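Student: Handing you a structure now.
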Amino acid sequence: MEPSVEQSPHHAYPGHWEADVVLRDGGTARIRPITTDDAERLVSFYEQVSDESKYYRFFAPYPRLSAKDVHRFTHHDYVDRVGLAVTVGGEFIATVRYDRIDATGRPASAPADEAEVAFLVQDAHQGRGVASTLLEHIAAVARERGIRRFAAEVLPANNKMIKVFRDAGYTQQRSFEDGSVHLTLDLEPTAESLAVQRAREQRAEARSVQRLLAPGSVAVIGAGRNPGGVGRTVLRNLLGAGFTGRTYAVNSALDADQDTIDGVPAHRSLGEIGEPVDLAVVAVPAERVPEAVADCGEHGVQGLVVLSAGYAEWGAEGRERQRELVRQARSYGMRIIGPNAFGIINNSEAVRLNASLAPERPASGRIGLFTQSGAIGIALLSGLYRRGAGLSTFISAGNRADISGNDFLQYWYEDPDTDVALLYLESLGNPRKFTRLARRTAAVKPVVVVKGARHSGSTPPGHAVPISRIPDATVSALMRQAGVIRVDTVTEMVDAGLLLADQPLPAGGRVAILGNSESLGLLTYDACLAEGLRPRPPRDLTTAATPQDFRDALAEALADEGCDAVIVTAIPWVGEDGEAEQGDGEVLATALHAAAAAGPAKPVAVVHVEIGGLAEALAAATSTVAQQRPAQAQPCGPAPGRTPATTAPPATTASPVTPAPAGDTDAAPEAAESGGARAVGRIPAYPAAERAVRALSEAVKYAQWRRQAAVPGKVPEFLDDTIDEPGAAARIDAALGEDPDPRGRPLSPDEARELLACYGIAVRPTLPAPDAETAVAAAGRLGYPVALKTTAPHLRHRADLGGVRLDLATESAVRRAYGELTELLGKPAELRPVVQAMAPRGVDTVVRATIDPAAGAVLSFGLAGAPSELLGDTAHRLVPATDRDAAELIRSIRAAPVLFGWRGSAPVDTAALEELLLRVSLLVDDHPEVVAVALEPVVVATQGLTVLGASVRLSPPPARTDLGPRRLSNY
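Take a look at the structure:
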């Protein structure tokens, strides 16, 4: 809401303070600055506050606001006096205000850096986390205006408000003065305050998803009077799934005598229903959606699934229609799946919700599936059904204008019914947040992602997302750093999901291969080598092998402590009459299940060729403990909400008994009584060796990441005097000036050298050489031997073009090299030659750090030279990098053996290289104005390293929304 003209002579209305937020109960609200136009809203709000709450706010009976009060509380300068309001449906439900004060507590202006703060929350909305959210936002506003501390006076009986301050995580002091509690909060964010903020964010966003997936009642708006159509299809699917809640049909064009559709109560509007509706499925033309949304909002609907098309996928007009849809829904506290969505499914027996266009509710299982494409969603549902896999939840979000994959990661993180999260994404609305959430979720359960629209400019038109300049290979590397299993196709996603959902994680990459086909075993062996696994020679059981032979061989392989996983290969076998044996698939599946149940917890996969019924039989649940999630061979800690008792013993323990899931007190005794057999999940079957091995390889890499994530790396603190953060800040401020160019500016070589030196990064100096005599003089000053090289942009770092001359040990050598360069490449003014002292011989490498507007700061490493650049052999990690990140960074490029003594060469000083990477990471993390750093080349010798070239670019710091107060993305 824009203010009146007389609002503030000092500062314009700060529109960037406006934010949509999710509250503790999953509903949404809007936070915005209070303006002079809010007088009536403020009075109405105050009238709905109880006398007790008014007393807590003003320390005395205060039944109504005077005209002077209303003027004071609605007129702000947005610097020394600021007021924020929380609104739902356009009306106030809470306010907060700060007034800048001096050391004596009197009104003041800058440079005073303390402010008195006070909150008031409508009683009907207390307990929703409103005050906690407001504190985050008013604190961010205060910091922006130079305020560093809040002071608050709270009555001792006002326990709720005291708790809000106490639990915020800020450094604070408390004292009791004159009958009230005096609180002082230091507003500098701390690790604790950030952790509190993110924990609240997770609970609120998970709750907002849970309200959509587990409604008590559903209304289908747009259910047609006649069979057919989108709305009628969803209504039929709801009924077919056996939804446990109440179902209603809404159609404004119903005949006067029609009160049911498909046996469901039918109404012309939500208001006619007369009972609360939790979820509305909107299936009306786009031009009628605003009317439907308003009807939902006015009657307390909690969430919407908008199937209607005609939004951002239709161009600029549709994009604005989509933005207005989100604004309208959020103003009523509702969240949206869609528009242009396919729908949602929740397989919980307590819900049985199929509010989608999928004709059948898929089988129940442990996989959560999110997709941004309806067509891909249909294909995935079909593929999972054919493979016998079950789902916990399914979401096809369409244009995902509001709820996105990030929200479902928040929900799945602690959902006890989901063990694996599969996501098909065509865009990342908030890459920094996605990476953070994926890392946390992947620490307790696998996250498998297929990224469609990977090439620049191919983002679907319905998705309004931040522009990212980083290539897809970098996105993939950053996902891997976060523990995400990134695959290329939806087929690979299903393959990996099946293995991860029902098999334990492998302890390593040692693979046993057994089967009745030597050729299929060799194909599997080769595929394992290609994926970096360590296969043992295949064991050929011969074509005469029986199911009992398979069972014995599998049991032996699982019991082998030198084996981490087993791949069984099988082809049809024929009887003595030359006919294929009937029922082979079911018999073999039974044998394999029995062996897997009796052996140690190791993953088993089957590669088969045309064995009828085998895949289906393997996908069937075993009878030991139906649908139980198997333990993981290398546990990394229990999932949220589960006790450590759900963790299985290590893979080397003989015949472990899988403990019961949390809350299942009868499962463990049943397993014990079965003679020690553990529960085993479905065994995934694959029609090709390469697919099985690829899935297993992903599980091996993920398990390794889990083990490492259990003991995370550290961001080292350099305790020596080589880090001068204030000095670097002063140089950056001086370089940018008081009115910096928003496009930024590159530093000169000397400026870059001085800035890097503040972080202990020494750059070998160069001296200009505009002519041969100057070059000789420069060489004399630096000391022989020297290098002579060009610095022209088109020749920089291009030794292959002949622009560098090395090991010049005499004056004559310098003159001769200078003449050769100018004769071959051009005049000195064009070449810009420089002289530099020679560095010890080593391996030339490149270290870079860049700020991507969407993904954040990225640290990169590779070898210098055209081959590495041509092959894209560069590794990437997010900043701030840990010591483990730095070590992995230099080891993850394909050319890494060159650094470790390849072909008999001496290994170089990788420890010095890791330290350099960490120092660059620290510089970029400490100073967001440093938007690009390139050190090229960095010559790494057997002892130490030398930075021969450096460039730095500065720019006004970009906004860090991931560190600010909680807010929903605006699309």
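For the sequence shown, the numbering used here begins at 238 and goes up steadily by one. Quick reminder that beta carbons are idealized off the backbone N, C-alpha and C, glycines included. The model shown is predicted, which means the values in this text are computed figures rather than measured ones.
Between the region 510 to 518 and the region 532 to 541, are three or more C-beta pairs nearer than 8 angstroms?
Tutor: Verdict: yes, contact present.
Student: For the region 468 to 505, list the beta strand (DSSP E) runs that are entirely contained and at least 3 residues long, ordered along the chain.
Tutor: Correct list: 483 to 487 and 501 to 504.
Student: Nearest-angstrom Cα distance between Ala885 and Arg1121?
Tutor: Against the sequence shown, residue 885 aligns to sequence position 648. Against the sequence shown, residue 1121 aligns to sequence position 884. Per-residue confidence for Ala885 stands at a pLDDT of 33, beneath the threshold of 50, marking its modelled position as unreliable; the derived number appears in the next sentence. Computed Cα separation, rounded: 27 angstroms.
Student: Rank Pro683, Ala340, Pro344 and Glu373 by C-alpha distance to the C-alpha of Phe356 and give the top, closest one.
Tutor: Counted from its first residue, the sequence shown places residue 356 at position 119. Comparing Cα-Cα distances from Phe356 to each of Pro683, Ala340, Pro344 and Glu373, the minimum goes to Glu373.
Student: Kindly provide the ranges of any alpha helix (DSSP H) runs that are 4 or more residues long and lie completely inside the region 726 to 798, ordered along the chain.
Tutor: Those alpha helix (DSSP H) runs which fall completely within the region 726 to 798 and span 4+ residues are 727 to 739, 755 to 767 and 784 to 796.
Student: Taking just the CA atoms, how far does Glu442 sit from Asn667?
Tutor: As a working note, residue 667 is residue 430 in the sequence shown. As a working note, residue 442 is residue 205 in the sequence shown. Cα to Cα, the separation comes out at about 15 angstroms.
Student: Assess, as a yes-or-no matter, whether the region 357 to 365 is touched by the region 276 to 296 under the definition of 3 or more beta carbon pairs within less than 8 angstroms.
Tutor: The region 276 to 296, when compared against the region 357 to 365, does touch it at the 8 angstroms Cβ threshold.
Student: Around the Cβ of Thr497, are there at least 16 other Cβ atoms within 10 angstroms (buried) or fewer (exposed)?
Tutor: Position 260 of the sequence shown, counted from the start, is the residue given in the question as residue 497. Burial call: exposed.
Student: To the nearest angstrom, report how far apart Asp1081 and Val1072 are at their CA atoms.
Tutor: As a first step, residue 1081 must be located in the sequence shown, where it is residue number 844. As a first step, residue 1072 must be located in the sequence shown, where it is residue number 835. Looking at the two C-alpha atoms, the distance is approximately 18 angstroms.
Student: Helix, strand or coil for Arg1114 per DSSP?
Tutor: One-based indexing of the sequence shown puts residue 1114 at position 877. Strand.
Student: Would you kindly work out how many angstroms separate the C-alpha atoms of Ala1012 and Pro1070, rounded to a whole number?
Tutor: What you label residue 1012 is simply residue 775 of the sequence shown in a count that begins at 1. What you label residue 1070 is simply residue 833 of the sequence shown in a count that begins at 1. Near 8 angstroms, if we compare the C-alpha coordinates of Pro1070 and Ala1012.
Student: Got a sec, what are the start and stop residues for the alpha helix (DSSP H) Gln559 sits in?
Tutor: In the sequence shown, the residue the question calls residue 559 occupies position 322. Residues Ala553 to Ser568.
Student: Per the DSSP calculation, Asp1081 is bridged to which residue(s)?
Tutor: The residue labelled residue 1081 in the question sits at position 844 within the sequence shown. Val1176.
Student: Roughly how many angstroms separate the alpha carbons of Arg269 and Pro599, rounded to a whole number?
Tutor: Here residue 269 refers to the residue found at position 32 when the sequence shown is read from its first residue. Here residue 599 refers to the residue found at position 362 when the sequence shown is read from its first residue. Their backbone Cα atoms lie some 43 angstroms apart in a straight line.
Student: Below 8 angstroms between beta carbons: does that hold for Asn591 and Gly477?
Tutor: Sequence index remark: in the sequence shown, residue 591 carries index 354 (1-based). Sequence index remark: in the sequence shown, residue 477 carries index 240 (1-based). Contact flag set, yes.
Student: From Val803 to Ala782, what does the alpha carbon distance come to, in whole angstroms?
Tutor: Here residue 803 corresponds to residue number 566 of the sequence shown, with the count starting at 1. Here residue 782 corresponds to residue number 545 of the sequence shown, with the count starting at 1. C-alpha separation (whole angstroms): 17 angstroms.
Student: For Asp350, name the three-state secondary structure that DSSP assigns.
Tutor: Counted from its first residue, the sequence shown places residue 350 at position 113. Asp350 falls in the coil class under three-state DSSP.
Student: Using the C-alpha atoms, what's the distance from Leu541 back to Met571?
Tutor: Position 334 of the sequence shown holds residue 571. Position 304 of the sequence shown holds residue 541. Taking the straight line from one Cα to the other gives about 7 angstroms.
Student: Quick check: the region 597 to 613 against the region 728 to 744, are there 3 or more CB pairs under 8 angstroms?
Tutor: Output reads yes: the region 728 to 744 touches the region 597 to 613.
Student: Where do the ends of the alpha helix (DSSP H) carrying Ser454 lie?
Tutor: Position 217 of the sequence shown holds residue 454. Run containing Ser454: none in the alpha helix (DSSP H); it sits in the beta strand (DSSP E), Ser454 to Ile458.
Student: Relative to the alpha-carbon of Ala368, which residue among Arg386, Val418 and Val259 has its alpha-carbon at the smallest distance?
Tutor: Indexing the sequence shown from 1 puts residue 368 at position 131. That would be Val259, whose Cα lies nearest to the Cα of Ala368.
Student: Hey, is the region 755 to 771 in contact with the region 929 to 936, meaning 3+ C-beta pairs nearer than 8 angstroms?
Tutor: Counting Cβ pairs under 8 angstroms, three or more are found: they touch.
Student: Scan the region 421 to 457 and note each continuous alpha helix (DSSP H) run of 4 residues or more that stays entirely inside, going in chain order.
Tutor: Runs of the alpha helix (DSSP H) inside the region 421 to 457: 428 to 450.
Student: Could you round the C-beta distance between Leu617 and Tyr661 to whole angstroms and report it? I think they count as a contact, below 8 angstroms.
Tutor: One-based indexing of the sequence shown puts residue 617 at position 380. One-based indexing of the sequence shown puts residue 661 at position 424. About 7 angstroms separates the two Cβ atoms, so the contact holds.
Student: Determine, using beta carbons only, whether Arg473 and Gly461 come nearer to each other than 8 angstroms.
Tutor: Reading the sequence shown from its first residue, position 236 is the one you call residue 473. Reading the sequence shown from its first residue, position 224 is the one you call residue 461. In this structure, Gly461 does not lie closer than 8 angstroms to Arg473 by Cβ.
Student: Mapping the DSSP letters down to three states, classify Gly997 as helix, strand or coil.
Tutor: By 1-based counting over the sequence shown, the position of residue 997 is 760. Gly997 falls in the coil class under three-state DSSP.
Student: Which residues in the same chain have their Cβ closer than 7 angstroms to the Cβ of Cys873, if we skip the five residues on either side of it in sequence?
Tutor: The residue given as residue 873 occupies position 636 in the sequence shown. In this prediction, Cys873 has a pLDDT of 39, which is less than 50 and means its spatial position is unreliable; what the coordinates show is noted afterwards. The residues are Ala680, Arg943, Arg944, Ala946 and Ala947.
Student: I need the DSSP call for Asp1044, collapsed to helix, strand or coil.
Tutor: Here residue 1044 corresponds to residue number 807 of the sequence shown, with the count starting at 1. Here Asp1044 sits in strand by DSSP.
Student: Between Ala989 and Ala1187, which are expected to be in contact by the criterion C-beta below 8 angstroms, what is the C-beta distance as a whole number of angstroms?
Tutor: Here residue 989 refers to the residue found at position 752 when the sequence shown is read from its first residue. Here residue 1187 refers to the residue found at position 950 when the sequence shown is read from its first residue. Rounded, the Cβ-Cβ distance is 5 angstroms, consistent with contact.
Student: Determine the direct distance from the alpha carbon of Gly974 to that of Val316, and round the result to whole angstroms.
Tutor: Position 79 of the sequence shown, counting from 1, holds the residue named residue 316. Position 737 of the sequence shown, counting from 1, holds the residue named residue 974. About 23 angstroms.
Student: Could you check what DSSP says for Lys682 in three-state terms: helix, strand or coil?
Tutor: As a first step, residue 682 must be located in the sequence shown, where it is residue number 445. Lys682 falls in the coil class under three-state DSSP.
Student: Would you give the residue range spanned by the alpha helix (DSSP H) that Asp1120 belongs to?
Tutor: Along the sequence shown, read from residue 1 onward, the residue named residue 1120 stands at position 883. Taken as a continuous stretch (DSSP letters only), the alpha helix (DSSP H) holding Asp1120 covers Asp1120 to Arg1128.
Student: Assign Glu954 to one of two classes, buried (16 or more other C-beta atoms within 10 Å of its C-beta) or exposed (fewer than that).
Tutor: For the purposes of this step, residue 954 is taken as residue 717 along the sequence shown, with counting starting at 1. With fewer than 16 Cβ atoms within 10 Å of its Cβ, Glu954 is classed as exposed.
Student: Whose CA, out of Arg386, Arg747, Pro784 and Glu1151, lies closest to the CA of Pro774?
Tutor: On the sequence shown, residue 774 is found 537 positions in, with the first residue counted as 1. Measuring from the Cα of Pro774, the nearest candidate turns out to be Arg747.
Student: For the beta strand (DSSP E) holding Tyr193, just list the boundary residues, first then last.
Tutor: Any property of residue 193 remains undetermined from this structure, which presents the chain solely from 238 to 1208.
Student: May I ask you to report which of helix, strand or coil DSSP gives Thr370?
Tutor: Locating residue 370 in the sequence shown gives position 133, counting from the first residue. Thr370: helix per DSSP, three-state reduction.
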